[in-house]
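Peer 1:
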Amino acid sequence: MIANMKILITAPYNENGLRELEKVGEIVYKPWKPHGRAYNEEELLSLLHDTAATALITEHDQVTKKVIEAFPGLRFIGVCRGTPSNVAVDTAAENNIPVLHTPARNAQAVAELFLANVITLLRNTLSAHTWLKNGNWEEGAHTSYLQFKGNELAGRSVGMVGFGAIGQLIARLLKPFPCTIGYYDPFVSATDPSFRKMELEEVFSESDIVSVHLPVTPQTTGMIGAGLISRMRPDALFVNTARAVVVDREALLEALENNRIRGAVLDVFDNEPPDELDYRLIRHPRVLATPHIAGATHEVEDHHVRILNKQILAIFGTH
Numbered sequence: 001m002i003a004n005m006k007i008l009i010t011a012p013y014n015e016n017g018l019r020e021l022e023k024v025g026e027i028v029y030k031p032w033k034p035h036g037r038a039y040n041e042e043e044l045l046s047l048l049h050d051t052a053a054t055a056l057i058t059e060h061d062q063v064t065k066k067v068i069e070a071f072p073g074l075r076f077i078g079v080c081r082g083t084p085s086n087v088a089v090d091t092a093a094e095n096n097i098p099v100l101h102t103p104a105r106n107a108q109a110v111a112e113l114f115l116a117n118v119i120t121l122l123r124n125t126l127s128a129h130t131w132l133k134n135g136n137w138e139e140g141a142h143t144s145y146l147q148f149k150g151n152e153l154a155g156r157s158v159g160m161v162g163f164g165a166i167g168q169l170i171a172r173l174l175k176p177f178p179c180t181i182g183y184y185d186p187f188v189s190a191t192d193p194s195f196r197k198m199e200l201e202e203v204f205s206e207s208d209i210v211s212v213h214l215p216v217t218p219q220t221t222g223m224i225g226a227g228l229i230s231r232m233r234p235d236a237l238f239v240n241t242a243r244a245v246v247v248d249r250e251a252l253l254e255a256l257e258n259n260r261i262r263g264a265v266l267d268v269f270d271n272e273p274p275d276e277l278d279y280r281l282i283r284h285p286r287v288l289a290t291p292h293i294a295g296a297t298h299e300v301e302d303h304h305v306r307i308l309n310k311q312i313l314a315i316f317g318t319h
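First residue of the sequence shown? That's 1 in this note's numbering, and the numbers climb one at a time after it.
#1: Whose C-beta lies closer than 6 Å to the C-beta of Met232 among residues of the same chain, with five residues either side of it excluded?
#2: Do Asn117 and Lys149 have their CB atoms nearer than 9 Å?
#3: Identify whether His35 lies in helix, strand or coil by the three-state DSSP scheme.
#4: Between the alpha carbons of Gly162 and Tyr183, how many angstroms are there, rounded?
#5: Using DSSP with H/G/I as helix, E/B as strand and the rest coil, what is Tyr279?
#6: Following the continuous alpha helix (DSSP H) through Leu44, name the residue where it begins and the one where it ends.
#7: Which of the three DSSP states, helix, strand or coil, is assigned to Tyr13?
#8: Which complete alpha helix (DSSP H) runs does the stretch 174 to 238 hold, if anything under 4 residues is left out?
#9: Are the CB atoms of Val320 and Val247 nearer to each other than 9 Å?
#10: Give every residue of the same chain whose Cβ lies closer than 6 Å to the Cβ of Gly295, excluding the five residues on either side of it in the sequence, and list them in chain order.
#11: Nearest CA to the CA of Lys33: which residue from Arg283, Arg19, Pro12, Glu43?
#12: Under three-state DSSP, which class holds Leu266?
#13: Starting from Leu288, trace the beta strand (DSSP E) in both directions and tell me its first and last residue.
What follows is the structure, encoded as structure tokens:
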């Protein structure tokens, strides 16, 4: 055990994960879930002070510049998220505090919801379900067969904007349908030769389904605007399970309201809770919207424990 290492864990952590971390230090477990929300700056300052923690594992808490400067001797900050966007990482670097995170913890969850919701939209499942619940099935009628006839996912061309862990997992799951896969990502080259690297404009003009898998950076914010959306086919679907701010929502809404694209699957919004413009997107009849739940499965918590513990034990464990 590292002498005097005391790890404050505010992220949800399973019992096996907690026991495993006892190899490197004393554990103080104060998860945010019973608290009802993530800890804010002042609450986190109090927790770190009261527990005398020398390391922190967080999920959504506000690990601000003020927090880090108050505890510059932290041995590490572990973040149970795909990116450590709630942590002042520059301040941590200035204080030589390693910031660890859990990339791809929710890859399977996001990939499965992509498949479920794209198929649901293609097959008109929700409108058919509503029709049936409302008692519209009359004797001898073939209304439902004609009215709700949809399309198969098989044979579609899917273009990924960003081809990290989530995009690549979706591509592997789509391949046996079969679907053809193209992607735009200047930082990635796929090992599977059947996945075609494309220019960004080609993804939008040549794909039946355009799916966004971008992080938020100064370069990606607002990157998908009217020019790209206008290149989409009239029967194409737009999918965003990543981050809302990379898309010009007004351009997307204009395309939907003027029947320039078939529809959209959206899990993220510029404002959460949504504002009036977000709700215009959410309530559009050809949009299948979910409230930022693509990565919300019970299994994701087990995944982040496994990914983070492996890093911590590699750095601080004794072998």
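Just so it is clear, CB atoms sit at the ideal spot from N, CA and C, and this is done for glycine as well.
For clarity, every value in this text was computed on a predicted model and none was experimentally measured.
Peer 2: Looking at the atomic coordinates:
#1: Position 232 of the sequence shown, counted from the first residue, corresponds to residue 232. Correct list, in chain order: Phe204, Ile261.
#2: Numbered from 1 along the sequence shown, position 117 holds the residue referred to as residue 117. Numbered from 1 along the sequence shown, position 149 holds the residue referred to as residue 149. The answer is no: Cβ separation not under 9 Å.
#3: Counting from one through the sequence shown, the residue named residue 35 turns up at place 35. Correct three-state label for His35: coil.
#4: Taking the first residue of the sequence shown as 1, we reach residue 162 at position 162. Taking the first residue of the sequence shown as 1, we reach residue 183 at position 183. The straight-line gap from Cα to Cα measures roughly 7 Å.
#5: Position 279 of the sequence shown, counted from the first residue, corresponds to residue 279. Three-state result, Tyr279: helix.
#6: Translated into the one-based positions of the sequence shown, residue 44 becomes position 44. Its alpha helix (DSSP H) spans residues 41 to 51.
#7: In the sequence shown, residue 13 corresponds to position 13, counting from 1. Correct three-state label for Tyr13: coil.
#8: 200 to 206, 226 to 229
#9: One cannot answer for residue 320 here, as it falls past the ends of the chain, which runs 1 to 319.
#10: Looking up residue 295 in the sequence shown gives position 295. Asn106, Ala109, Val110.
#11: Reading the sequence shown from its first residue, position 33 is the one you call residue 33. Ranking the options by Cα distance to Lys33, first place goes to Pro12.
#12: Taking the first residue of the sequence shown as position 1, residue 266 is located at position 266. Strand, per DSSP.
#13: Counting from 1 along the sequence shown, the entry for residue 288 is found at position 288. Annotation: the continuous beta strand (DSSP E) that includes Leu288 extends over 287 to 289.
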